[in-house]
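Chains as they are written, first to last, in our numbering: chain A, 7 to 167; chain B, 68 to 853.
All residues carry an ideal CB built from backbone N, CA and C; glycine is no exception.
And the structure:
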């Protein structure tokens, strides 16, 4: 089948999609957006998290056909049009929250969504919001630092505007 | 054939952006920007325009004879390009890290659940999956050999490897054994010197590395008949060494390039998909990509050895250890992998960082029909640490002494001897590290008035409002070796090139070091900047065009490859200065490189490096071998077997719901001596990550194997700590230089995984009063409803 949808603001189409293919497979192998990662393909690790019509979802659990005509935003879409890193992306680098980095794309999308909903989450709020994203390298401390840093920068930016 | 990987070149370009800090600073990762953009090319992101997908058929039985394999139906499926069995292997059919006992594809029998029997290449992963299902295998299923008793009675239960199949290793179903005797050993006379004797059995379950990036890579057939493989691994050269004989190729026709690695932790030290993808590429003449699904990852790599241990300690009433006697049985599973080295570690490190005048130890690894076990962070030291630290707490309780005080009283320090007779010739601040974690402030007590139930055990499930919650505190300390031991010629190679690019001096560092997330690429640039006084450093992609870097394991890469980069950079520096002496006749003895200039420390700048270099590049390669070690004597365990030791102490604070058996670690504190922190940000990240894997082993992580069959090969059923399960991990970093190591550094990554598990269990014991002799601790162990 043919699937057409919007990925990071641009229309895309994929042909000869087998009906069992996931959105994750279509993004990675057909559309040239391999940023979303394939770690468990069971919705357990969060590495493949993308926005679907503005809501974070595990793209491994979404059948490709379900995204027909809808809007997908991936980690590749967190930078602005000029390629400038988004605030959450920069915070993860600055805090040392990236080690092997395989979990990073999913965590970035989930953190972006968290801070959109609540720019100043408590530590417990952060842990609750990110509890679906596994990281095996960092011990999560630097990830907590990164989210706190992104939150502080976001609030400072809002205050200055 | 030219190779086009989707983003491999971008990896290189971005890494080439320099940052400015030298050693001791914390410059940001050169690959960080690509990683947060989602543009970093991991091995599973490799892509080639006409590539095929490879997949393996795996055994559903832990032990069976293969009567027949029929691939005809699979071959008929449209889109299938090849189906191969062991009969199609052009070269040697066996490989292995230390012992070549593992068939690349099963021959006539399978020895573990998940062993690969046949491989398929097809035009879509789903086609490959369907083809795998069409392969018909006729088995004669046999009773698996899975318990210690079965393994040690092969005449009754059979052999995992028939005696005639052994080459130089093992006997019966014992893959490797190591004994150790120190002081007077353990006799009745020595036992009589102790006032209190404690003897207990301990058990450790099978832990998995559970790296997030699945085993994957792309094999591309080359015009010269060779193979170019882009792969996630821990050691490019040892992969090649194992692959080439199987592919029937000389080593120089097997070229490996490191693709992005999504974590490793020991699980990528053995081969996984490397040979299979290469065989399929050879046969089809097309690039072949293999990406394991998560269940295949659980089947396709070795795990941490599960262990059964018996420990006996004697102590005087005033807290002096008199003797220690231990037996450690590690289940190595079907193939040897790194079991011999794991046994050596367990035996030599198995009594912990304590001065014990009389010691006896026996450690063995079994062959069984359970999944193969090999390298995982902590490598043989983890299992023993759970046992000896549990013993320390029991001994302290028995004589009415504070458990930290008992440890400190017996703690080894610089100048003391290991039970192997090896004198520790660098700082060993065991007592100090314990004091440091003890002195750190405790988290506030549980406040039932202002409770957020999300912080309780069970957290989001809203299982409690504070009733039935008991808090406990535990302590631990551990010891781990750094680098490869027992006479292995452990070395690494680095090539450093200095040249003028765009009017600036630029250093290029080329090694075969596997960057698996640990941050070696950052540290190499820091070293080159420090030694050569330049700002711009580029890191060449890791590949087999340069000499071996050894493995990214054993906490050794900064020590070994970092050392090689230092020596190569020093050689480049010396060559440049010599060039200046010849040209300008400098006579000063204090010439060095700094800020892009050749400078005399007394007389100031002499000449800009760009002027002295001109169009000429200085390109030198150096190896770093650590000082030699020797194998342990097989019967006595004596010998200078390890090159460096590293120590970490922990304190855990836990809340336990004693009604439901649920545990929440409230805080996990670490104090570690790192010798010299080349990049403090990375060092702390390593310690926190290592503690978290220890937390996983303490309370949740276990591959459940029943009758040889794996029951939980998924992230749904194999649990690793989430951000909700993981507490704040304050780190107190001590820097006491090791005079034998480059920059005085000490390997970092593994020690916390050795030490942090027992303190969490100790804290649960303190909260519950339960003995807890097995990890991971499960709810039923706490509630007593087993």
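Amino acids of chain B, ordered along the chain, whose beta-carbon sits closer than 7 Å to that of residue i
i             : result
residue 108/A : 109, 279, 280, 329 and 330
residue 122/A : Those do not exist, as residue 122/A stays about 17 Å from chain B at its closest Cβ, beyond 7 Å.
residue 157/A : Correct list: empty, because the minimum Cβ distance to chain B is about 15 Å.
residue 142/A : 277, 278, 279, 330 and 787
residue 114/A : 103
CB contact flag (residue i, residue j, <8 Å)
i             : j             : result
residue 547/B : residue 802/B : no
residue 422/B : residue 479/B : yes
residue 720/B : residue 503/B : no
residue 552/B : residue 690/B : no
residue 99/B  : residue 593/B : no
residue 183/B : residue 198/B : no
residue 472/B : residue 364/B : no
residue 260/B : residue 409/B : no
residue 461/B : residue 215/B : no
residue 185/B : residue 147/B : no
residue 157/B : residue 272/B : no
residue 859/B : residue 108/B : Because chain B here runs from 68 to 853, residue 859/B falls outside it and cannot be looked at.
residue 768/B : residue 843/B : yes
residue 510/B : residue 730/B : no
residue 313/B : residue 171/B : yes
residue 639/B : residue 563/B : yes
residue 145/A : residue 655/B : no
Residues that residue i contacts on chain B, provided the C-beta gap is smaller than 8 Å
i             : result
residue 44/A  : 111, 281 and 358
residue 100/A : 95
residue 17/A  : By Cβ distance, chain B contributes nothing, its closest Cβ being about 20 Å from residue 17/A, past 8 Å.
Cβ-Cβ separation, residue j to residue i (assumed contact under 8 Å), whole Å
i             : j             : result
residue 433/B : residue 242/B : 7 Å
residue 130/B : residue 775/B : 7 Å
residue 43/A  : residue 111/A : 6 Å
residue 71/A  : residue 9/A   : 6 Å
residue 362/B : residue 780/B : 4 Å
residue 350/B : residue 151/B : 6 Å
residue 392/B : residue 253/B : 4 Å
residue 47/A  : residue 66/A  : 4 Å
residue 304/B : residue 611/B : 6 Å
residue 360/B : residue 294/B : About 24 Å separates the two Cβ atoms, so there is no contact after all.
Member of the options whose CA lies at the smallest distance from the CA of residue i
i             : options                       : result
residue 709/B : 132/B, 762/B, 570/B and 415/B : 415/B
residue 707/B : 192/B, 145/B and 488/B        : 488/B
residue 245/B : 154/B, 402/B and 412/B        : 412/B
residue 335/B : 204/B, 163/B and 167/B        : 163/B
residue 118/B : 89/B, 192/B, 98/B and 150/B   : 192/B
residue 308/B : 338/B, 794/B and 140/B        : 338/B
residue 442/B : 357/B, 620/B and 565/B        : 620/B
residue 739/B : 494/B, 263/B and 102/B        : 494/B
residue 766/B : 491/B, 825/B, 189/B and 777/B : 825/B
residue 221/B : 501/B, 435/B, 368/B and 563/B : 435/B
residue 532/B : 227/B, 809/B and 723/B        : 723/B
residue 247/B : 699/B, 754/B and 484/B        : 699/B
residue 712/B : 836/B, 358/B and 821/B        : 821/B
residue 268/B : 476/B, 800/B, 790/B and 457/B : 457/B
residue 141/A : 106/A, 128/A and 96/A         : 106/A
residue 601/B : 666/B, 557/B and 617/B        : 666/B
Proximity test, Cβ basis, 8 Å: residue i and chain C
i             : result
residue 238/B : Although the question refers to chain C, the structure presented lacks it and instead comprises the protein chains A and B.
Chain A residues whose Cβ lies nearer than 8 Å to that of residue i
i             : result
residue 191/B : 24
residue 790/B : 132, 133, 136, 137, 139, 141, 146, 149 and 150
Partners in chain B for residue i, counting only beta-carbon separations shorter than 9 Å
i            : result
residue 80/A : 105
residue 40/A : 73, 74, 105, 106, 108, 109, 111, 112 and 114
Where residue i meets chain A, residues with beta-carbon distance less than 9 Å
i             : result
residue 795/B : 129, 147 and 150
Neighbour list for residue i in chain A, Cβ cutoff strictly below 7 Å
i             : result
residue 315/B : Under the 7 Å cutoff, chain A gives no residues; its nearest Cβ is about 32 Å from residue 315/B.
Residues within the stretch 670 to 700 of chain B neighbouring chain A, beta-carbon criterion of under 7 Å:
none
Residues of the stretch 517 to 534 of chain B whose Cβ lies closer than 7 Å to any Cβ of chain A, in chain order:
Result list: 519, 521, 522 and 527.
Where the stretch 94 to 128 of chain B meets chain A: residues whose CB sits under 8 Å from a CB there
95, 96, 98, 99, 100, 102, 103, 104, 105, 106, 107, 108, 109, 111, 112 and 114
Residues within the stretch 774 to 785 of chain B neighbouring chain A, beta-carbon criterion of under 7 Å:
From the stretch 774 to 785 of chain B, only 781, 782 and 783 have a Cβ closer than 7 Å to chain A.
At a CB distance below 8 Å, what residues from the stretch 804 to 826 of chain B approach chain A? Give them in sequence order.
none
Quick one: which residues of the stretch 251 to 274 of chain B get their C-beta closer than 8 Å to a C-beta of chain A? List them in chain order.
None of the residues of the stretch 251 to 274 of chain B has a beta carbon lying less than 8 Å from any beta carbon of chain A.
With 8 Å as the C-beta to C-beta threshold (strictly closer), list the residues of the stretch 88 to 99 of chain A near chain B in chain order.
91, 95, 96, 98 and 99
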